[in-house]
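Engineer:
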Amino acid sequence: MRVALHTRVRPDRVAEYETAHREVPTELTDAIRAAGVTAWTIWRSGTDLFHLLECEDYAWLLAELEHLPVNIVWQARMADLLDVVHDYSDAGATAGLPIVWEL
Numbered sequence: 181m182r183v184a185l186h187t188r189v190r191p192d193r194v195a196e197y198e199t200a201h202r203e204v205p206t207e208l209t210d211a212i213r214a215a216g217v218t219a220w221t222i223w224r225s226g227t228d229l230f231h232l233l234e235c236e237d238y239a240w241l242l243a244e245l246e247h248l249p250v251n252i253v254w255q256a257r258m259a260d261l262l263d264v265v266h267d268y269s270d271a272g273a274t275a276g277l278p279i280v281w282e283l
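Quick note, my numbering runs 180 ahead of the 1-based positions in the sequence shown.
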């Protein structure tokens, strides 16, 4: 399945956010892949961040990562940088952007 998400970086933390994403821990990327993600891309327009994930089951992905120590540390780091964060709770499973049009 494909899931599109929207988050927002704090205006004064854009450079730190981009630096952090050049240093994503291998343990975290391995866990993301193990949870069924085959691709995850993030685009930035100003402070708006748009994510496109391809995964087997988004709700299962969130459940697998929500309590994983390396993800908890990463999310704490992201919470420092973001105004709108990625929600790893059960409620986050419905946070995907609705499809308006496809070709």
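Every residue gets a Cβ at the ideal spot worked out from N, C-alpha and C, and that includes glycine.
With a cut-off of 8 Å, do at least 3 Cβ pairs link the region 265-273 to the region 203-221?
Structural biologist: Cβ pair count under 8 Å is below three, so no.
Engineer: Quick check on the burial criterion: 16 or more other C-beta atoms within 10 angstroms. Buried or exposed for Thr209?
Structural biologist: Per the 10 Å Cβ criterion, exposed.
Engineer: Give the single residue among Glu207, Arg190, Arg193, Ala273 whose Cα lies nearest to the Cα of Leu241.
Structural biologist: The shortest C-alpha separation from Leu241 is found at Ala273.
Engineer: Candidates Val280, Asp237, Trp254, Ala256: which alpha carbon is nearest Asp270's?
Structural biologist: Checked all of Val280, Asp237, Trp254, Ala256; the closest Cα to Asp270 is Asp237.
Engineer: Ala222 bridges to which residues according to DSSP?
Structural biologist: The amino acid occupying residue 222 in the given sequence is Ile; Ala does not appear at that position. In DSSP, Ile222 forms a bridge with His231.
Engineer: Is it buried or exposed, Thr187, if we count other Cβ atoms within 10 angstroms and call 16 or more buried?
Structural biologist: So Thr187 ends up on the buried side.
Engineer: How should Val217 be labelled, buried or exposed, when 16 other C-beta atoms within 10 angstroms of its C-beta is the threshold for buried?
Structural biologist: It is buried - the Cβ of Val217 has at least 16 other Cβ atoms within 10 Å.
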